[in-house]
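K.L.:
Can you keep this structure in mind? I'll have questions shortly.
In full-length UniProt numbering, the protein residues as written are 1 to 207.
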């Protein structure tokens, strides 16, 4: 005959054993979750994407080990005046605009433009100023704005400057930074079809 008291004691022991196992499992899962989150934040260098698509960037994101940005999203400028990518390699002015090795245009500028920037306005009446001068090898920052209700695309016509291009919508301003090329004259235009023909053009002189 089965002793009901012994059965009860055995059941209690099994219950407590199972509860201990669950506790261990919960602890292990918690450690894995916390460790995974820490690793994610570390590998994303302080950038966290929350539901809804809003990106939160820790303060000081415009500076890295390779240099500083002239505006949010641009390429970096080193202490010795070289414009480089995030990995420290110099940008290439001959590649396709927007490609990884090209100088990067900024996000939309909503406040003041960088203090050393050459401000360029584009509208249906032309590009202002339509000429400017820079020194070969020096850092050049252009702040390009659409000053009318149209979209414009600022770019140079010389293949040696193919990577320097900025697209702006009505009322928008964006910035791009690069090292001036060798001495010479470099024509620039609005590359939207028909715009250069109505006078949206100019020249950069490098000395």
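Ideal Cβ positions, reconstructed from N, Cα and C, are used throughout, including at glycine. It should be emphasised that the depicted structure is a prediction, and the values quoted were computed from it without experimental measurement.
Here's the rule I'm using: 16 or more other beta-carbon atoms within 10 Å means buried, otherwise exposed. How should residue 98 be labelled?
P.N.:
exposed
K.L.:
Considering only the alpha carbon of each residue, which of 65, 119, 110 lies closest to residue 177?
P.N.:
119
K.L.:
Ignore the nearest five residues each way along the sequence and tell me which others in residue 139's own chain have a CB closer than 7 Å to its CB.
P.N.:
77, 81, 83, 177, 179
K.L.:
Kindly indicate the opening and closing residues of the beta strand (DSSP E) around residue 165.
P.N.:
Per DSSP, residue 165 belongs to the beta strand (DSSP E) from 165-168.
K.L.:
Quick one: residues in its chain with C-beta nearer than 7 Å to the C-beta of residue 196, no 5 flanking neighbours on either side, listed in chain order?
P.N.:
189, 190
K.L.:
On the DSSP bridge assignment, give the partners of residue 152 in chain order.
P.N.:
168
K.L.:
Suppose you measure from the CA of residue 127 to the CA of residue 198; what does that come to, to the nearest Å?
P.N.:
Taking C-alpha positions only, residue 127 is separated from residue 198 by approximately 11 Å.
K.L.:
So, with DSSP's three-state summary, where would you put residue 160?
P.N.:
helix
K.L.:
I think residue 101 touches residue 112, with their Cβ atoms under 8 Å apart; what is that distance to the nearest whole Å?
P.N.:
Between residue 112 and residue 101 the Cβ distance is about 29 Å, and since that is not below 8 Å, they are no contact.
K.L.:
Taking residue 104 as the reference, give the member of 122, 133, 73 with the closest Cα.
P.N.:
Residue 104 has its Cα closest to that of 73, out of 122, 133, 73.
K.L.:
For residue 153, I'd like the list of residues in its chain whose CB is within less than 7 Å of its CB, leaving aside the five on either flank, ordered along the chain.
P.N.:
165, 167, 190, 191, 192
K.L.:
Using a threshold of 6 Å, is the CB atom of residue 186 nearer than that to any non-hydrogen atom of the ligand SAH?
P.N.:
The ligand SAH is not part of this structure, which contains no ligands at all.
K.L.:
Going by DSSP in three states, residue 196 sits in which element: helix, strand or coil?
P.N.:
helix
K.L.:
Excluding the 5 residues preceding and the 5 following residue 108 in the sequence, name in chain order all residues of the same chain whose CB lies nearer than 8 Å to its CB.
P.N.:
Around residue 108: 172, 173, 174.
K.L.:
Whose CA, out of 110, 184, 161, lies closest to the CA of residue 143?
P.N.:
110
K.L.:
Taking C-alpha atoms, which residue in 71, 63, 205 lies nearest to residue 79?
P.N.:
63
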